[in-house]
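Mapping to the numbering used here: the sequence shown position 74 is 71, numbers consecutive.
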Amino acid sequence: MSEKETSVWQGFKAFLMRGNVVDLAVAVVIGAAFTNIVNAVVKGIINPVVGAIGTKNLDHYSSCLSSTCQGDEGIQILWGSVLGAALSFVITAAVVYFLMVLPMAKYLARLEARRKAKEGTQEVLEVTELEVLKEIRDALVAQRGSGHDRQ
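Written out as structure tokens, the structure is:
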């Protein structure tokens, strides 16, 4: 291999081994797997609840812009499809937020609170030790001072 090919290969290896590339690859794989869970929740739980209120399939709702809309003739606005896609997005976002983001944020907040509590305890111990050392120093200085006065 030539020097140029070696440097290109080493650069490519360095790019692949960079932490954010590996993290991104893991995130894509986990995201793809999580998509199946979200779709199952939306399809199995949310859509039947929405279907009980109205209809499960909004694709049939449309408006006609021309004088006659029969079959493929006329200009149809398929607003039901757009509404269905928007509702699907909102429902999916809500499922992701309430089942993943919110619990994870609460968990991380609890971890942070525990970490701060530990740091606070260590600071109190350090301050207490410092105060004790200051008292010892003051006592030694006072003892020396009184000893020098006698001589």
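Idealized CB from N, CA, C, for every residue including glycine.
None of the values given here were measured: they were computed from a predicted structure.
Given a cut-off of 8 Å on the beta-carbon distance, is the pair Tyr58 and Gly77 in contact?
yes
Reference Val87, options Arg111, Val5, Ile43 and Arg112, closest by Cα:
Of the candidates Arg111, Val5, Ile43 and Arg112, the one whose C-alpha sits nearest the C-alpha of Val87 is Ile43.
Are Val39 and Ser85 closer than 8 Å when you measure CB to CB?
yes
Taking C-alpha atoms, which residue in Val46, Gly71 and Ala90 lies nearest to Val35?
Nearest C-alpha to Val35: Ala90.
Rounded Cβ spacing between Ser63 and Gly71 (contact assumed at less than 8 Å)
4 Å
Could you compute how far the alpha carbon of Ile133 sits from the alpha carbon of Arg141?
12 Å
Limits of the alpha helix (DSSP H) - the one that Gln67 falls within:
Counting along the chain, Gln67 falls outside any alpha helix (DSSP H), and DSSP gives it neither H nor E.
Since Lys1 is in the alpha helix (DSSP H), which residue starts that stretch and which ends it?
Taken as a continuous stretch (DSSP letters only), the alpha helix (DSSP H) holding Lys1 covers Glu0 to Met14.
Residue closest to Leu75, alpha-carbon to alpha-carbon, out of Thr65, Cys66 and Asp56:
Of Thr65, Cys66 and Asp56, the residue nearest in Cα terms is Asp56.
I need the straight-line Cα distance from Ala11 to Thr118, nearest angstrom please.
If you take the alpha carbons of Ala11 and Thr118, they lie about 42 Å apart.
I need the straight-line Cα distance from Arg107 to Lys113, nearest angstrom please.
10 Å
Helix, strand or coil for Ile43 per DSSP?
It is helical.
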